[in-house]
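Participant: Following this message is one structure expressed as structure tokens.
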Amino acid sequence: MGIATAQICSMKQVAAMVGSPRIVTGRSVLHPTGDPALAPEAEQMLRRGIVADAIRALAADGIPHAA
Amino acid sequence: MRSGRWPPTASHMRLEIRAAAVNRAVFGISTNLNDRTLTVARDELARLLGADSRLTEIQIELANPGEDCRITGIFDVFEPRYKATGPNFPGVIDRIGPVGDGVTAVARGAAIMVMNALPDRHKLTVDMTGPAAEFSPYSHTANICVRAQPAAGVERPAYYRALKEIGVKASGYLGEAANRAQADSVEVLELPHQSDDTGRPRVAYIYMLASQQMPTEADEPILYGDNVRTLLPTVIHPNEILDGAIVAPYWNFGGDTYAIQNHPMICELYRRHRNDLAFAGVIAIIAAETEAGRTRTAIMAANLARETLRADAVVLTKYGGGIPESAAMETYDACEALGMKGAMVLWTHGGDGRIEGSLTFMSPRADAVVTCGINEQAIDLPPVSRVIGSSTIGPLIMESEDDVRPANGPLHLRFLFLAGAADQLGGGRRSIEEY
Amino acid sequence: MEPIRIVHYLNQFFGQLGGEELAGIKPQIKSEAIGPGRVLQARLGASFEVVATAICGDNTFADNPEAAAEDLTALISEFRPQILIAGPAFNSGRYGQACGQLCASIQEKLAIPAITGMYQENPAVDQFRNRVLIVRTGPTARTMGEAIDQIVSLVKRIAAGDPLDRPAELGCFPHGMKRPVVREQIAARRAIDMLLSKLTGQPFTTEMSVPVFDRVEPTRLKLPLSEATVALVTDGGLVAKGNPERMPNGYTDRITAIPIHGLDRFTTDIVEAHHGGYDTQFVNQDLNRLTPLDAARELERNGVIGKLHETVYATAGLGMSISNAKKVGREIGRRLLDQGVQAVILTST
Chain A
516 MGIATAQICS
526 MKQVAAMVGS
536 PRIVTGRSVL
546 HPTGDPALAP
556 EAEQMLRRGI
566 VADAIRALAA
576 DGIPHAA
Chain B
5 MRSGRWPPTA
15 SHMRLEIRAA
25 AVNRAVFGIS
35 TNLNDRTLTV
45 ARDELARLLG
55 ADSRLTEIQI
65 ELANPGEDCR
75 ITGIFDVFEP
85 RYKATGPNFP
95 GVIDRIGPVG
105 DGVTAVARGA
115 AIMVMNALPD
125 RHKLTVDMTG
135 PAAEFSPYSH
145 TANICVRAQP
155 AAGVERPAYY
165 RALKEIGVKA
175 SGYLGEAANR
185 AQADSVEVLE
195 LPHQSDDTGR
205 PRVAYIYMLA
215 SQQMPTEADE
225 PILYGDNVRT
235 LLPTVIHPNE
245 ILDGAIVAPY
255 WNFGGDTYAI
265 QNHPMICELY
275 RRHRNDLAFA
285 GVIAIIAAET
295 EAGRTRTAIM
305 AANLARETLR
315 ADAVVLTKYG
325 GGIPESAAME
335 TYDACEALGM
345 KGAMVLWTHG
355 GDGRIEGSLT
365 FMSPRADAVV
375 TCGINEQAID
385 LPPVSRVIGS
395 STIGPLIMES
405 EDDVRPANGP
415 LHLRFLFLAG
425 AADQLGGGRR
435 SIEEY
Chain C
18 MEPIRIVHYL
28 NQFFGQLGGE
38 ELAGIKPQIK
48 SEAIGPGRVL
58 QARLGASFEV
68 VATAICGDNT
78 FADNPEAAAE
88 DLTALISEFR
98 PQILIAGPAF
108 NSGRYGQACG
118 QLCASIQEKL
128 AIPAITGMYQ
138 ENPAVDQFRN
148 RVLIVRTGPT
158 ARTMGEAIDQ
168 IVSLVKRIAA
178 GDPLDRPAEL
188 GCFPHGMKRP
198 VVREQIAARR
208 AIDMLLSKLT
218 GQPFTTEMSV
228 PVFDRVEPTR
238 LKLPLSEATV
248 ALVTDGGLVA
258 KGNPERMPNG
268 YTDRITAIPI
278 HGLDRFTTDI
288 VEAHHGGYDT
298 QFVNQDLNRL
308 TPLDAARELE
318 RNGVIGKLHE
328 TVYATAGLGM
338 SISNAKKVGR
348 EIGRRLLDQG
358 VQAVILTST
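Keeping their order, the protein sequence lines are chains A, B and C. End of the first sequence = 582 in this note's numbering, gap-free, step of one. End of the second sequence = 439 in this note's numbering, gap-free, step of one. End of the third sequence = 366 in this note's numbering, gap-free, step of one.
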């Protein structure tokens with residue numbers, strides 16, 4: 516029994532080192548699921564895309580990362 | 005190449021540092037340096053620093069080694085220096101011009117402490133005597149402490165910029181006294197362009213100047229006045245770094261400007277140059293806040309080290325907190341992947357004392373790591389009779405809102421906040437032992 | 018001089034009570050050396066005396082380690098030992114667990130040295146080496162002779178008052194811990210020395226070894242996402258406006274629980290980011306940049322996910338120790354499991 520997780524982060528090596536099974540690249544450590552430099556609509560698209568990546572990852576088997 | 009020489013005169017950068025020793029600082033009628041005593045004309049210096057509409061209430065105090073005295077709220081530290089042949093800290097007040105060449109006068113043994121009057125969770129403290137003296141270089145310098153309040157309506161970034169400017173002004177003003185004094189030592193720093201260093205390994209230094217986890221302000225002067233917001237790896241001569249090209253970021257997290265002017269890693273590489281190694285040069289990098297930025301930095305820095313500086317090995321230091329650990333590790337990996345040997349200096353997180361919590365990220369290939377100590381480790385300092393600066397200390401990073409202590413009382417202080425004691429540039433003797 | 022008093026701990030098998038069928042026997046103690054204890058006594062010589070042997074069944078211990086350790090500690094204290102020796106347990110998991118737990122308990126309660134011996138692959142090594150001196154042994158009792166020699170040598174060093182703070186030099190597993198020291202040379206010089214040694218193939222010792230982490234087997238989603246309850250979690254310091262739960266902005270073992278019922282997106286009057294490790298100004302303009310509530314609600318409306326869980330859990334992942342991270346992770350995981358959540362999207366800064 517467990518919970519399937521997907522991690523959205525910018526420091527991907529850190530997540531891999533500690534064995535995070537599903538890693539999705541976040542935009543920045545300062546704003547993982549957004550970007551203040553984008554226009555509001557573009558930012559919304561970006562966020563939808565990142566979250567969609569996380570959803571796809573959740574549907575897949577996780578990878579036990581080797582550090 | 006065709007015959008004919010260019011440039012016609014000097015063949016390479018050559019910095020002559022003329023140091024006049026200072027044992028103590030006193031106030032007096034006119035500023036000068038005689039007999040190892042730096043006399044400071046308090047009013048004149050205050051007028052010079054006060055000619056700035058962003059600042060009010062300039063206060064200048066002195067603290068000498070051995071005094072029962074604590075300096076609190078330190079924002080940055082500068083060494084007094086004067087450069088007759090070029091700009092002092094180009095791009096801060098002076099025009100942007102070349103540094104690293106020519107003659108620079110130094111009042112060695114004196115330091116200017118610029119204090120921050122605004123609340124900030126990262127402010128530094130030093131005691132002039134007691135247990136702090138084992139760990140802080142500034143317990144041993146004659147300190148000229150400068151405090152100024154922001155004028156009404158002046159926001160934090162503008163105030164911080166003004167604080168850097170008064171540090172630079174005071175450095176030049178007091179350095180000028182060293183320029184008039186007899187030098188006690190003369191040091192020549194140069195890397196002649198000859199290739200008779202065969203047989204010695206070429207070592208490049210990859211120097212992380214700043215971390216963008218706390219993005220630098222638009223007009224924050226770091227590298228020749230630039231805020232290094234998007235700095236790509238850049239080859240820079242070590243003399244430029246020692247001679248004022250770099251000012252510490254506002255978020256002074258493990259290396260103030262004084263430490264940069266006396267950069268421990270660069271001085272060590274110079275000391276060993278043409279002895280057991282050949283100093284191949286310095287590459288300046290930042291820790292970027294995006295993964296793409298960090299990868300770009302790692303690849304470009306490694307390529308510059310091997311292809312441009314022809315390095316056999318690299319040594320790295322980082323600046324800031326956790327993200328820079330990732331950035332430094334990635335750069336180290338990129339260098340090793342190109343066949344260069346790497347070593348680096350990082351601080352250690354204490355966590356629960358276990359080895360696996362020492363760093364945010366550690367590459368499995370990072371087999372040569374030197375630590376500059378546990379950043380949360382604390383030192384107990386006894387009460388003092390005199391305080392220069394704010395009357396309370398805290399809350400600092402890692403502390404709760406109500407963690408405010410009287411500045412003159414006994415102090416349990418993390419080394420991170422003892423000025424000069426958490427030196428990420430490699431100047432300290434603190435370390436860890438795994439057992 | 019009085020001999021140094023030693024109590025020895027064994028399981029039912031080495032205590033010569035019986036095999037697996039007696040793994041359920043209760044803690045007991047006998048005022049003599051038994052089995053490997055006799056070899057110990059012979060090799061330790063007359064300066065030491067094995068005054069008693071405590072015995073417990075492996076299953077009894079494994080079923081309730083705290084209670085077994087407490088009972089055994091009470092029995093052992095009667096004999097006023099100066100040193101406890103447990104095992105060696107070699108590669109036996111339950112026995113290793115018992116030896117480790119008992120040593121930890123005896124050290125704490127009786128304030129005397131307590132040592133054991135195990136094979137490197139015994140899971141109890143990783144569990145107890147941070148606080149117990151564990152002598153390296155071979156995998157099975159066939160190596161008993163060498164193991165006892167190692168233990169005897171360590172006991173003699175303890176009795177001689179030798180420093181015990183470098184376990185690796187005592188033939189033991191290192192604690193895997195670190196402590197501050199002050200070295201002769203500045204860090205810059207040490208780094209260049211290390212680099213030159215590395216370049217010329219000379220031996221050198223890194224000051225920070227590469228960490229090894231526990232591996233967690235990934236969980237597969239057992240039902241389609243369109244039927245799953247998905248929760249949002251973040252380590253980026255999300256708190257309710259004004260931080261009423263008073264979560265520190267780092268170095269914490271605390272979490273926040275933020276209700277999102279009826280919210281389509283985060284707004285700045287409801288939540289904020291409270292974290293000391295990164296500049297929070299951008300996420301504090303729009304908290305969906307930290308926790309993508311708006312995008313997750315769209316997925317819920319479109320039926321891509323079954324349901325969005327109505328609580329967002331958060332912590333501030335700055336300077337967080339491994340043990341605190343485990344604690345925080347377990348706490349959030351336990352609550353989410355209790356609340357029927359099958360999947361998590363975690364955002365990290």
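By construction, the Cβ of each residue, glycine as well, lies at the ideal position given by its N, Cα and C atoms. Remember, it's a predicted structure, so these values are computed and weren't measured experimentally.
Compare the Cα-Cα distances from residue 309 (chain C) to each of A:571, A:564, A:519 and A:552 and report the closest residue.
Facilitator: The candidate whose alpha carbon is nearest that of residue 309 (chain C) is A:564.
Participant: Considering Cα atoms alone, identify which of B:327, B:425, B:48 and B:157 is closest to residue 544 (chain A).
Facilitator: The option with the nearest alpha carbon to residue 544 (chain A) is B:327.
Participant: Whole angstroms are fine: how far does the CA of residue 247 (chain C) sit from the CA of residue 229 (chain B)?
Facilitator: Rounded to whole angstroms, residue 229 (chain B) to residue 247 (chain C) spans 48 Å at the Cα level.
Participant: Using a Cβ-Cβ cutoff of 8 Å, what residues of the segment 365-383 of chain B are near chain A? List them in chain order.
Facilitator: Within the segment 365-383 of chain B, the residues whose Cβ lies closer than 8 Å to some Cβ of chain A are 365, 366, 367 and 368, listed in chain order.
Participant: So, is residue 92 (chain B) buried or exposed, given that buried needs 16 or more other C-beta atoms within 10 angstroms?
Facilitator: Residue 92 (chain B) is buried by the Cβ-count criterion.
Participant: Taking DSSP's pairing of strands, which residues face residue 330 (chain C) in a bridge?
Facilitator: According to DSSP, residue 330 (chain C) bridges with C:250 and C:274.
Participant: When the Cα atoms are used, what is the spatial distance from residue 49 (chain B) to residue 378 (chain B)?
Facilitator: Rounded to the nearest angstrom, the two C-alpha atoms are 39 Å apart.
Participant: Helix, strand or coil for residue 105 (chain C)? Go by DSSP, reduced to three states.
Facilitator: It is a strand residue.
Participant: With a threshold of 7 Å on Cβ separation, who are the neighbours of residue 65 (chain B) within its own chain once the five nearest residues in sequence on each side are excluded?
Facilitator: 149 and 392, listed in sequence order.
Participant: By the 10 Å Cβ neighbour count, where 16 or more other Cβ atoms means buried, how is residue 295 (chain B) classified, buried or exposed?
Facilitator: Under this definition residue 295 (chain B) is a buried residue.
Participant: Taking contact to mean 3 or more Cβ pairs, one atom from each stretch, closer than 8 Å, check whether the segment 309-321 of chain C and the segment 251-263 of chain C are in contact.
Facilitator: Result no; under three Cβ-Cβ pairs closer than 8 Å.
Participant: Are any of the Cβ atoms in chain C nearer than 9 Å to that of residue 253 (chain B)?
Facilitator: Not an interface residue.
Participant: Measuring straight from C-alpha to C-alpha, what distance separates residue 277 (chain C) and residue 298 (chain C)?
Facilitator: Approximately 22 Å, taken between the alpha carbons.
Participant: For residue 75 (chain B), collect the residues of the same chain with a Cβ closer than 6 Å to its Cβ; drop the 5 residues on either side in sequence, then sort them by chain order.
Facilitator: Around residue 75 (chain B): 67, 117, 130, 149, 392 and 393.
Participant: If you draw a straight line from the C-alpha of residue 107 (chain C) to the C-alpha of residue 155 (chain C), how long is it?
Facilitator: C-alpha separation (whole angstroms): 6 Å.
Participant: Do you know how far the Cα of residue 68 (chain C) is from the Cα of residue 332 (chain B)?
Facilitator: Each residue's alpha carbon lies about 57 Å from the other.
Participant: Please list the partners that residue 352 (chain B) has in chain C, where partner means a Cβ-to-Cβ separation under 8 Å.
Facilitator: The answer, in chain order, is 195 and 225.
Participant: Determine the extent of the beta strand (DSSP E) in which residue 19 (chain B) is found, giving its start and end residues.
Facilitator: Run containing residue 19 (chain B): 18-25, per the beta strand (DSSP E) assignment.
Participant: With a threshold of 16 other CB atoms inside 10 Å of the CB of residue 80 (chain C), please say whether the residue is buried or exposed.
Facilitator: That one is exposed.
Participant: Let's test the definition: count the other Cβ atoms within 10 Å of the Cβ of residue 55 (chain B) and tell me whether it reaches 16, buried, or not, exposed.
Facilitator: Exposed: under 16 other Cβ atoms inside 10 Å.
Participant: Which same chain residues, not among the five before or five after residue 186 (chain B), have their C-beta less than 7 Å away from its C-beta?
Facilitator: The residues are 24.
Participant: According to the neighbour-count rule (16 or more other Cβ atoms, all chains shown, within 10 Å of its Cβ), is residue 178 (chain C) buried or exposed?
Facilitator: Counting Cβ neighbours within 10 Å, residue 178 (chain C) comes out exposed, since fewer than 16 surround it.
Participant: Along the chain, where does the alpha helix (DSSP H) containing residue 146 (chain C) start, and where does it finish?
Facilitator: Looking at the DSSP string, residue 146 (chain C) is not in any alpha helix (DSSP H), and its letter there is neither H nor E.
Participant: Just list the residues that DSSP pairs residue 21 (chain C) with in beta bridges.
Facilitator: DSSP lists C:65 as partners of residue 21 (chain C).
Participant: Below 7 Å between beta carbons is the criterion; list the residues of the segment 276-296 of chain B that meet it against any residue of chain C, in chain order.
Facilitator: Listed in sequence order: 276, 280 and 281.
Participant: Any beta-carbon of chain B closer than 9 Å to the one on residue 542 (chain A)?
Facilitator: Yes, contact with chain B.
Participant: Our contact map puts residue 160 (chain B) next to residue 121 (chain B) with C-beta atoms below 8 Å; I'd like the distance itself, whole angstroms only.
Facilitator: That belief does not hold up - the Cβ atoms of residue 160 (chain B) and residue 121 (chain B) are roughly 11 Å apart, past 8 Å.
Participant: Closest to residue 96 (chain C) by CA distance: which of C:358, C:25, C:360 and C:342 is it?
Facilitator: Nearest option by C-alpha distance: C:25.
Participant: Where does the unbroken alpha helix (DSSP H) through residue 299 (chain B) begin, and where does it stop?
Facilitator: Run containing residue 299 (chain B): 295-307, per the alpha helix (DSSP H) assignment.
Participant: How about residue 318 (chain B) and residue 292 (chain B): do their beta carbons lie closer than 9 Å?
Facilitator: No; because the gap between Cβ atoms is not below 9 Å, this pair is not in contact.
Participant: Let's see if you can read the secondary structure: which residues bound the alpha helix (DSSP H) around residue 111 (chain C)?
Facilitator: Unbroken alpha helix (DSSP H) run through residue 111 (chain C): 110-127.
Participant: Spell out the partners DSSP gives residue 284 (chain C) in its beta bridges.
Facilitator: None, per the DSSP bridge assignment.
Participant: Locate the alpha helix (DSSP H) running through residue 367 (chain B), then write down its first and last residues.
Facilitator: Premise fails: residue 367 (chain B) is in no alpha helix (DSSP H) and is neither H nor E.
Participant: Below 8 Å on the Cβ atoms is my contact criterion, and I expect residue 178 (chain B) with residue 79 (chain B) to pass it. Report the Cβ-Cβ distance as a whole number of Å.
Facilitator: The pair is not a contact, with the Cβ atoms about 18 Å apart (cut-off 8 Å).
Participant: List, in chain order, every chain B residue whose beta-carbon is nearer than 8 Å to that of residue 532 (chain A).
Facilitator: Residues of chain B passing the Cβ test: 365 and 366.
Participant: Straight-line CA distance for residue 523 (chain A) to residue 327 (chain C)?
Facilitator: Going by the C-alpha atoms only, they are around 20 Å apart.
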